[in-house]
Amino acid sequence: MSPLRGSGARDPGGAGAGAGGLPPFPEGWYFVATREALERAKLIEKTWMGRRIVAWRDDAGRVSVAESVCPHLGSALGPAAGGRVRNGRLVCPFHGFEFDASGGCVATPFAPPSKIAKLSSFETREVLGMVFAWWGINGRPPQWRLPEDPPAGADWCEPAFRTLRFRGHPQETSENAVDMAHLRYVHGYDKVRRVGSVTVDGAHLRSSFDFRRVRRIGRIADLTFDVSATAHVVGLGYSLVEFHERSIGMDGRLWVLATPLDGTLIDLVLVSQLRRIRKPKRLIAGLRFLPPALRTETMNRLTLLSQKHDVRQDVEVWSRKRYRRRPALCASDGEIGMYRRYCRQFYPARLRGAGGSPVPSAVRIRHSGSASRTSRGHRG
Ligand code: FES
Ligand SMILES: [Fe+2]
Numbered sequence: 353m354s355p356l357r358g359s360g361a362r363d364p365g366g367a368g369a370g371a372g373g374l375p376p377f378p379e380g381w382y383f384v385a386t387r388e389a390l391e392r393a394k395l396i397e398k399t400w401m402g403r404r405i406v407a408w409r410d411d412a413g414r415v416s417v418a419e420s421v422c423p424h425l426g427s428a429l430g431p432a433a434g435g436r437v438r439n440g441r442l443v444c445p446f447h448g449f450e451f452d453a454s455g456g457c458v459a460t461p462f463a464p465p466s467k468i469a470k471l472s473s474f475e476t477r478e479v480l481g482m483v484f485a486w487w488g489i490n491g492r493p494p495q496w497r498l499p500e501d502p503p504a505g506a507d508w509c510e511p512a513f514r515t516l517r518f519r520g521h522p523q524e525t526s527e528n529a530v531d532m533a534h535l536r537y538v539h540g541y542d543k544v545r546r547v548g549s550v551t552v553d554g555a556h557l558r559s560s561f562d563f564r565r566v567r568r569i570g571r572i573a574d575l576t577f578d579v580s581a582t583a584h585v586v587g588l589g590y591s592l593v594e595f596h597e598r599s600i601g602m603d604g605r606l607w608v609l610a611t612p613l614d615g616t617l618i619d620l621v622l623v624s625q626l627r628r629i630r631k632p633k634r635l636i637a638g639l640r641f642l643p644p645a646l647r648t649e650t651m652n653r654l655t656l657l658s659q660k661h662d663v664r665q666d667v668e669v670w671s672r673k674r675y676r677r678r679p680a681l682c683a684s685d686g687e688i689g690m691y692r693r694y695c696r697q698f699y700p701a702r703l704r705g706a707g708g709s710p711v712p713s714a715v716r717i718r719h720s721g722s723a724s725r726t727s728r729g730h731r732g
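Laid out in structure tokens, this is it:
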């Protein structure tokens, strides 16, 4: 993984940027960490949307995300500076002010708590154990919700994660969802076919397509996968691809979570999760003797590896390309123009230009099954 270059909090509406002119921090929900990682580390500090943030959970399980700047005298709050979580409260390393999950100061060592000392916190939301925080234009509150949790439970394997870090922009990476031509040219997919039309409903863009993919997985012989996929782009930090592989009878989902770090680099978190493969329509070479649970876990890891391979092919291009504000499109480019118009809503109005979309009020992808958890917070 590359080191972070530069630092610099930037104005979320600023016109300077990576990717050749795109503002680096479009509005939306962006991945912070998994709940599991938070529980393991107790306190996480990272660069996110051009600033240092800390994330922790209190004893009631509420997750908080805030800028790593103490409102008292400005100390950093992460573990490197000596910040820690005690009894569910974030404790500043400099004078011991304690902050609860709402970001308010609730205790100091030598005086009553300061009423004006409040962390600059971000609204959080959780989807299947993945914690996201809201980045609003000029600090405004969430303009839409992330989708409800898709069905999970015993029928689905544990999600597997991989992170790639590179120079890029979340608008450029999410554009993959409508760029059918590159599926053939870069990734070598066959029989690529758009299914239905791309739809946009506020912050939710939906794109369905079929393709065939032949891959050598590990030492296993070439395997052919016939896939029907639907990509849900919900802002530029959250894409979910639900797919059905027809020859095996395998259902899965893949999240692609792009998060700007410092205005130049992004983290692209890939998350793969398969439904248990109980009765495969065809035998999967090398996996046929495994019990269904292990077979699914193994297949999930292979799927993720394969996805990472494809994304690396994209990264070769993404990390070197320049954003073309007026691309020279051709007939096989499909809905790239439509996608670009969809993206305008995530930037300040002054940057949208004529024909910019109004900001939507909410997004819902209907999934039968469980509900997602929301942690309260505010943008201070
Ligand atoms: S700087 Fe944080 S308590 Fe003083
Ligand atoms: Fe791609």
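Going left to right, the sequence shown walks through residues 353 to 732 as our numbering numbers them. We put the CB at the ideal spot given by N, CA and C, even for glycine.
Check: residue i C-beta below 7 Å from any heavy atom of ligand 1
| i | result |
| --- | --- |
| L336 | Residue 336 lies beyond the range of the chain shown here (353 to 732); nothing can be said about it. |
| H447 | yes |
| C695 | no |
| C422 | yes |
| C682 | no |
| C444 | yes |
Same chain, Cβ closer than 6 Å to residue i, five either side skipped, listed in chain order
| i | result |
| --- | --- |
| V538 | Q665 |
| W670 | G520 and E524 |
| S709 | The predicted model places S709 with a pLDDT of 41, which falls under 50 and marks its position as unreliable; any figure quoted below should be read in that light. Excluding residues within five positions, the ones whose Cβ falls inside 6 Å are R696 and Q697. |
| Y694 | V552 and L557 |
| V711 | With a pLDDT of 41 at V711, under the threshold of 50, the predicted position of this residue should be treated as unreliable, and no value is reported. |
| S466 | C457 |
| V593 | A581, A583 and L606 |
| R564 | D542, K543 and D578 |
| V443 | R436 and E450 |
| A428 | S420 |
| A714 | Summary for A714: the model assigns pLDDT 45, below 50, so the residue's position carries little reliability, and this model does not support an answer. |
| R536 | V544 |
Residue-chain proximity (residue i, chain B), Cβ-Cβ < 8 Å
| i | result |
| --- | --- |
| F474 | Considering every chain present, this structure includes no chain B. It has just one protein chain. |
Cβ separation of residue i and residue j, assumed to be a contact under 8 Å, to the nearest whole Å
| i | j | result |
| --- | --- | --- |
| W486 | W381 | 6 Å |
| G434 | P423 | That belief does not hold up - the Cβ atoms of G434 and P423 are roughly 17 Å apart, past 8 Å. |
| L395 | P431 | 5 Å |
| T399 | L613 | 5 Å |
| A533 | D685 | 6 Å |
| E450 | A459 | 4 Å |
| V623 | L609 | 7 Å |
| R404 | E419 | 7 Å |
| R477 | F484 | 5 Å |
| I340 | P700 | In the structure displayed, the chain extends from 353 to 732; residue 340 sits before or after that span and is not available. |
| R409 | V415 | 5 Å |
When the options are compared against residue i, the one with the closest alpha-carbon
| i | options | result |
| --- | --- | --- |
| L390 | F449, A407 and L557 | A407 |
| V579 | V544, V608 and R558 | V544 |
| G604 | P643, Q659 and L588 | Q659 |
| L480 | F513, R492 and K467 | F513 |
| L588 | F451, V415 and G554 | G554 |
| P644 | A393, A506, L681 and G456 | A506 |
| F561 | T582, H447, A701 and R497 | T582 |
| S591 | L429, E388, R477 and P499 | P499 |
| F474 | E649, E379 and T648 | E379 |
| T648 | R546, V547 and P511 | P511 |
| L309 | P700, A701 and L656 | Nothing in the structure corresponds to residue 309, since the chain is present only between 353 and 732. |
| G426 | G448, A701 and D501 | G448 |
| V586 | P522, A683 and T576 | P522 |
Cut-off 7 Å between Cβ atoms - residues of its own chain near residue i, not counting five sequence neighbours on either side
| i | result |
| --- | --- |
| A706 | Caution applies to A706, whose pLDDT of 39 falls short of 50 and renders its modelled position unreliable; the value that the coordinates give is listed next. So no residue of the chain qualifies. |
| E527 | I688 and Y691 |
| S549 | none |
| D531 | I688 |
| R677 | G373 |
| L681 | I688 and G689 |
| F383 | M482, F484, G589, L609, T611 and V621 |
| V662 | One point to set straight first is that residue 662 is Asp, not Val, in the sequence displayed. Answer for D662: H539, listed in chain order. |
| E388 | G481 |
| R392 | none |
Same chain only: Cβ atoms within 8 Å of residue i, ignoring 5 sequence neighbours per side
| i | result |
| --- | --- |
| M602 | H596, L626, R627, I629, P632 and M651 |
| R634 | S599 and I600 |
| A412 | G440 and A453 |
| F518 | S354, L617, I618, L620, V667, W670 and S671 |
| T726 | Note that T726 scores a pLDDT of 40, beneath 50, so its modelled location is shaky; the value from the coordinates is reported in the next line. Once the five neighbours on either side are set aside, the close Cβ partners of T726 are T476, R477 and E478. |
**Report entry** Residues whose Cβ lies closer than 7 Å to any heavy atom of ligand 2, in chain order
**Finding:** N528, H534, L535, V538, H539, D662, V663, Q665 and D666
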